[in-house]
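Enquirer:
In this note's numbering, the protein residues as written are 1 to 129.
(1) Would you kindly check if the distance between the Cβ of residue 55 and the Cβ of residue 24 is under 8 angstroms?
(2) What separation, rounded to the nearest whole angstrom, lies between the Cα atoms of residue 78 and residue 12?
(3) Can you check which of these residues, 92, 62, 88 and 90, is closest to residue 42 by C-alpha distance?
(4) Can you tell me whether DSSP reads residue 103 as helix, strand or coil?
(5) Which runs of the beta strand (DSSP E) fall wholly inside the region 42 to 87 and span at least 3 residues, in chain order?
(6) For a test of the three-state rule: what should DSSP assign to residue 25, helix, strand or coil?
(7) Would residue 127 be called buried (16 or more neighbouring beta carbons within 10 Å of its own) or exposed?
(8) Cα separation between residue 73 and residue 125?
(9) For residue 35 and residue 7, what's the separation of their Cα atoms in angstroms?
(10) Excluding the 5 residues flanking residue 20 on each side, which residues of the same chain have their C-beta closer than 8 angstroms to its C-beta?
(11) My assumption, with CB atoms under 8 angstroms, is that residue 46 sits in contact with residue 57. Please give the rounded CB distance.
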């Protein structure tokens, strides 16, 4: 079996980086959809004004908190994978490369921090609902 060429490895790593970027964007959208659905259910249950509906509203609140925490964990996991792929691509590219030259890929970069801030705000909404 012949070894995989450096160019093919670098190309595949760049594809993985693009894929992870898209997945992170989609995760934010799915979390937003879950949040909107759960908030709608929560407020419709509160409008019913009976004991069973209020208890179910508390359950929707807890589900909302769990969903936000899970998506924040997914974001951190995707960020860790992104950094691993970027570090490997940078090593393959070498110091003469054009893609990563002068760029530092961090685990908690600006995109990850902004996503975590959004998740933290959603957590505050669910916590004080």
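Think of the CB as a built atom: it goes at the ideal place given N, C-alpha and C, for glycine as much as any other residue.
Remember, predicted model here, so these are calculated numbers, not experimental data.
Expert: Considering the structure as presented:
(1) With contacts defined as CB atoms closer than 8 angstroms, residue 24 and residue 55 fail to qualify as a contacting pair.
(2) 17 angstroms
(3) The residue with the shortest Cα to Cα distance from residue 42 is 62.
(4) coil
(5) none
(6) Correct three-state label for residue 25: helix.
(7) exposed
(8) 18 angstroms
(9) 42 angstroms
(10) 78, 81, 82 and 85
(11) 5 angstroms
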